[in-house]
Structure formats: C-alpha cells, structure tokens
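Right, one structure below, let's go through it.
Number of protein chains: 2
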Amino acid sequence: MVVSHPLARLLTDGVLPAQCPSRAVLDHVTSKWGVLVLVALSEGSLRWGELRRVVDGISEKMLAQTLRVLVADGFVARDARPTIPPRVDYALTERGRELTARLLPLMDWITANAEAIVSERARS
Amino acid sequence: MVVSHPLARLLTDGVLPAQCPSRAVLDHVTSKWGVLVLVALSEGSLRWGELRRVVDGISEKMLAQTLRVLVADGFVARDARPTIPPRVDYALTERGRELTARLLPLMDWITANAEAIVSERARS
DNA sequence: CAGTATCCATAGGGATACTG
DNA sequence: CAGTATCCCTATGGATACTG
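Here the protein sequences line up with chains A and B, keeping their order.
Quick note on numbering: the numbering used here labels position 12 of the first sequence as -2, and the sequence is numbered without any gaps.
Quick note on numbering: the numbering used here labels position 60 of the second sequence as 46, and the sequence is numbered without any gaps.
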C-alpha cells in the first residue's frame, strides 16, 4: 500500500521523533497560550494591552513569554514605536498567516463541537 | 465591517473565555501528547504497545492518561478483548476522524516548515 | 500484554511589585 | 503603556515497581 500523505511514514518511523525540530515548533504552536494568541492576532494587529484583555486569563508573564517564542519562530512581528507613552503592536507575519490558516479550521471545529463533547462527557 | 467567520467575535468577546467548554477541549487536543496520539491513530487502529513505540518518548503514565481523556471526549474508541494475553485496540471514532481531518493539515505544515523555522531561529 | 500505583523532581505558571 | 523581576506553589510528567 502506497500512501502519498506526508505523514504516511509515521507508522514506521514513529510520530515525530522526540528530537526532531517539528516537536519544538509543535510545542510552541500548541502551547497553552500560543494557540490563543495566534488566533487573537488572526484578524489584525493588536497592542500588548489589547492582547492581555482579549486573551482571557493570560498573565503578563505568560503573555511576554509566549510572544517572545512566537516572535523568535517568525510567526509574529513586534513593532515598537519609541513614543511616550510607548506603543507596541504585534501582528502575524506571512508565515504566521500560513500557520493560522491551518489553525483556524481546527479552532472553528472545536468551538462548534465543544459543548456537545463536554455535556456528553458528564453523562458517562 | 461584517465578518462572517465563526471566530469573528473574538476581538470583542475575547479569545475563548476562560470558563467556556472550548478551552477544556482545546487543552485536551493540544496537550503535549494528545496531538501525537491522535495523529498516530489517524492511519488506523493501534494496540497499547504499538502506541507506546510509535509515540516516541511517551511514558506509560502519560499514554494512559492521554488515552483516558481522548476516550472520554469521544475521539478515541477503546476495544478490549478478554483474551489471554489481553489485547486492546484503540481507534479514532467518527468524531475523532473529523478532528484529525483538521489536525493533519496543520501537522503537515509544521513538519514541512519546522527545519526552516528552527535554523532561522538559531541565527537570531 | 496492558495497564495501575507510588514516589519524586522540575518547570509551568499565577500574584505581586517594580521600572523605563 | 509595556513590559521585568521575584517569589512561590501546584500540576505535569518521568522512573520504577507491581498486577490481572
């Protein structure tokens, strides 16, 4: 059986060997806050304070940490204006848009089905 | 401006309010091992021992815990045959296949781009 | 084979206070 | 406004040993 799918080798090689780069990137993208920040930025750039409010429940520490990783991975661009008071905008890069294009369908499905999943879960 | 996207309300309402069910399901799906187990099962059912080998680096404890959550959420079906030695198969449910259909494009993109992302990261 | 039980370490992450 | 710095706690998760 020949499978053309890029992940077809998973059954023989294992799912993303622990040391390969994909694991690191995957961990960043699927980190607790990474997904939410990416989704938040998917409709346009946001300032630090806006991100804090939009991503409900995130602490300053986690926002800073998450943004640093996403910027380092090239998903998010940081635009700091040296004004007083300071103004910093965060926006998706082209790479970030490619990523969220694949992330949003997943998020849509989850939000659409979460209620059914959770209520059904309570029954069991 | 009218946005038809299901997530369009994010900017006004925040990204998935902390207490909503979506957050819980999202955490399960994007948990460190959840994604990898789902991807591993995306090409067919696997036994416990096969999963352990295929999902590189997972401990027995985490495999058990991850499977319990995925089964409870209805993404994975557990089929235990009362034979000696015991044989237990895990497979995606219909809901699980709906989910992985959205997960695989994301994983493909990540595996395809991870190397570039990580090497570029080292430069900075 | 397919798990459970137990112990233990560490890092994820919250709260608060402070700064350019 | 946009962050650091610090303290501190608990949940995540690894290693090992055991069981039906």
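Even for Gly, the Cβ is constructed at its ideal location relative to N, Cα and C.
- Rounded to whole angstroms, the gap between the alpha carbons of residue 35 of chain B and residue 1 of chain A is 14 angstroms.
- Under the 9 angstroms criterion on CB atoms, residue 48 of chain A is classed as non-interfacial with respect to chain B.
- At a C-beta separation below 8 angstroms, residue 95 of chain A has these neighbours in chain B: 84, 85 and 88.
- Per DSSP, reduced to three states, the secondary structure at residue 98 of chain A is helical.
- Within the DSSP bridge table, the entry for residue 78 of chain A names A:62 as partners.
- Only 58, 59, 60 and 61 from the region 58 to 72 of chain A bring a Cβ to less than 9 angstroms from some Cβ of chain B.
- Going by beta carbons, residue 75 of chain A and residue 67 of chain A fall inside the 9 angstroms limit.
- For residue 78 of chain B, the nearest beta carbon of chain A is not closer than 9 angstroms to its own beta carbon.
- Short of 8 angstroms from the beta carbon of residue 79 of chain B, and not among the five residues preceding or following it, lie these beta carbons of its own chain, in chain order: 60, 61, 62 and 63.
- Secondary structure at residue 12 of chain A: helix, using DSSP grouped into helix, strand and coil.
- In its own chain, leaving out the 5 sequence neighbours on each side, no residue places its CB closer than 6 angstroms to the CB of residue 46 of chain B.
- Remark: C-beta atoms of residue 49 of chain B and residue 24 of chain B do not approach each other more closely than 9 angstroms.
- Apart from sequence neighbours up to five positions away, the residues of its chain that approach residue 81 of chain A with a beta-carbon distance below 7 angstroms are 60 and 61, ordered along the chain.
- In the assembly as shown, residue 105 of chain A is an exposed residue. Its beta-carbon has fewer than 16 other beta-carbons within 10 Å.
- Counting other Cβ atoms within 10 Å of its Cβ, residue 26 of chain B reaches 16 or more and is therefore classed as buried.
- Around residue 90 of chain A, the same chain offers 25 and 28 as residues with beta carbons nearer than 8 angstroms, after the five sequence neighbours per side are excluded.
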